[in-house]
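Residue numbers (this note's numbering): 84 to 252.
Virtual Cβ for every residue (Gly too), placed ideally from N, Cα, C.
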């Protein structure tokens, strides 16, 4: 059984919390890939969409994102409270905010893409889809900037842990 950051008895270092955060971020990226693949498969059913199957996918994706978000909030809180690492926890909060915007914008982008497919003769759908696509790119750029900030702010923690492991030997 793997230990969870949501288990209060689970004691860990700030570095281990950061490593768990990065794994969760990777899981979030993979979940977005599955979400996009599922949406593209859904669109291929045009005009006879398999909405029940797509609704099930959305439900599963939502559950996964909620679990990831909950775990990351615990990590951020533990970095702040248990390890007094608010300079490290800060970028994580910013990443969380951007991830929320990314999910909302992804849904808006999917709706506009379906509208574009369903109503190709209605002006504005293509522009709306392109606008959402551009907004998503900007959000991803911000997330990457905050990940870079997190890397910079956490470098010292990795050095400290490395130093401590040499002392213990």
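C-alpha gap between residue i and residue j, whole angstroms
i	j	result
residue 240	residue 190	37 Å
residue 97	residue 228	21 Å
residue 166	residue 100	10 Å
residue 222	residue 230	12 Å
residue 85	residue 95	A caution first: residue 85 carries a pLDDT of 40, below 50, which makes its placement in the model too unreliable to give a value.
residue 204	residue 129	16 Å
residue 202	residue 192	15 Å
residue 233	residue 217	24 Å
residue 252	residue 138	With a pLDDT of 49 at residue 252, under the threshold of 50, the predicted position of this residue should be treated as unreliable, though the coordinate-derived value follows. Rounded to the nearest angstrom, the two C-alpha atoms are 54 Å apart.
residue 206	residue 198	11 Å
Cβ-based neighbour list, residue i, same chain, cut-off 7 Å, excluding 5 preceding and 5 following
i	result
residue 159	172, 175 and 176
9 Å Cβ cutoff met for residue i and residue j
i	j	result
residue 144	residue 118	yes
residue 188	residue 140	no
residue 126	residue 200	yes
residue 235	residue 185	no
residue 111	residue 182	yes
Anticipated Cβ contact below 8 Å, residue i with residue j, distance rounded
i	j	result
residue 226	residue 178	6 Å
residue 195	residue 211	4 Å
Cutoff 8 Å; reference residue i; Cβ partners in own chain excluding five residues on either side
i	result
residue 92	Legend: pLDDT at residue 92 = 40, less than 50; position of this residue unreliable, value from coordinates given subsequently. Once the five neighbours on either side are set aside, residue 92 has no close Cβ partner at all.
Closer than 9 Å to chain B by CB, residue i
i	result
residue 178	Chain labels in this structure do not include chain B; a single protein chain is all it has.
Next on the checklist: Restricting to runs no shorter than 4 residues, where is the alpha helix (DSSP H) found entirely within the segment 105-182?
Outcome noted: If you keep only unbroken alpha helix (DSSP H) runs of at least 4 residues inside the segment 105-182, you get 134-164.
Item to check | beta strand (DSSP E) segments (min. 3 residues) lying fully within the segment 195-240 | outcome: The segment 195-240 contains no whole beta strand (DSSP E) run of 3 or more residues.
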